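Numbering (our numbering), first residue to last: 9 to 400.
Okay, structure first, notes after.
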């Protein structure tokens, strides 16, 4: 019998995130700090709009690119936050989450053998999506001493004559790192000089705690070279609504729309109507959630300081990335032992690339009460580890 499965797909590693949560789901009194999902409900006025769309029988297909009203609101949102204008009719595509946008963005611009530069630690989907698009992933290992920012020399060292795309994952999952205007300007200069393209995943753009988020599209000449990806899951607590979007040149977006047309048809109609309401009237909700996340972020950083656990200060998303190198264990070993002994699930840094070794991803998209309990358990756990180490 002919082998039924693709060698390429067989070669993909399963996500390193889910392993621990299959265990924790069956563990009594366990606390999970691993999933990147807001603990807030979608704001009521957004849910109401989705309900109203159903009540009015708006259960039809939209255009492949998405509701025109939604694309207009997306255009307006980017104009007011980044000062860059996208034409709603041909430079914006509504997708099934940001993940679909990453996938079809790569497929639309990659030819077999092209190289995609992927800074890591970063979101688990970038590398497999590049492989599935017949690209060669080229990994840049980001450094803690640089606050996990992509530096110009690191990018230059990764570029060859086959490089076509840089994935720019900021604000970053899992580290919480950000890129500021000066960082982006230096990267943009290299992109223009080397005639490359950027896929800028800005799904956490509304959740920054130092300055307002700046996109690389605001740099000279970068709108035409960038596929901007964003969505509604994180900022508006709309993970299950499965809605994202991509913005870019008409040339690129038209080809992404073609793939989307054949694979998906259109994003969920009910979600699109709800998203219109989110963009029109959701700024206050986002700010309330952002302030809450910032309170939790500060709580965790203070807790790490009291534990003498090293962690650089993150200014974006809702993750911290503490170092556990002092304990002489791999991230996988530490996370496994922590789960078994203290019933707290966190994600090994290596789930996000080899450069995540020696770190843990802890999500603060959870209540303060849960975070306090988890930090008490972490303090007890590392105190025990340090005592055992002293005895050796």
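Glycine is no exception: its CB is placed at the ideal position from the N, C-alpha and C atoms.
These figures come from a predicted structure and were not determined experimentally.
So, with DSSP's three-state summary, where would you put residue 266?
helix
Could you check if residue 269 is buried or exposed, using at least 16 other CB atoms within 10 Å of its CB as the buried criterion?
exposed
To the nearest angstrom, how far is the alpha carbon of residue 233 from that of residue 345?
45 Å
Buried or exposed for residue 388, going by 16 or more other Cβ atoms inside 10 Å?
exposed
Beta-carbon contacts of residue 135 that lie in its chain and below 7 Å, excluding the five residues immediately before and after:
126, 145
Report all residues from its chain with a CB closer than 6 Å to the CB of residue 208; omit the five preceding and five following residues, and keep chain order.
176, 224, 234, 236
Is DSSP giving residue 60 helix, strand or coil here?
helix
With DSSP run on the structure shown, which of helix, strand or coil describes residue 400?
coil
Measure from the alpha carbon of residue 368 to the alpha carbon of each residue in 267, 10, 130, then state which is nearest.
130
Which residue or residues does DSSP assign as beta-bridge partners of residue 123?
144, 171
Specify whether the region 336-354 and the region 388-397 touch according to this definition: at least 3 beta carbon pairs, one from each stretch, less than 8 Å apart.
yes
Restricting to Cα atoms, I'd like to know which of 18, 11, 13, 38 is closest to residue 379.
38
Do you know offhand how far residue 114's Cα is from residue 267's?
11 Å
So residue 236 is in the beta strand (DSSP E); what residue range does that whole segment cover?
234-239
Would you identify the three-state DSSP class for residue 223, choosing helix, strand or coil?
coil
Between 24, 13, 40, which lies nearest to residue 382 when the distance is taken from Cα to Cα?
40
Using a 10 Å radius around the Cβ and a threshold of 16 neighbouring Cβ atoms, would you call residue 63 buried or exposed?
exposed
At what residues does the alpha helix (DSSP H) containing residue 293 begin and finish?
291-315
I'd like to check one pair, residue 192 with residue 404: are the Cβ atoms closer than 9 Å?
Residue 404 lies beyond the stretch modelled for the chain, which goes from 9 to 400, so this question has no answer here.
Looking only at C-alpha atoms, which of 361, 339, 314, 328 sits nearest to residue 384?
314
Roughly how many angstroms separate the alpha carbons of residue 158 and residue 187, rounded to a whole number?
8 Å
Residue 50 in three-state terms, based on DSSP
coil
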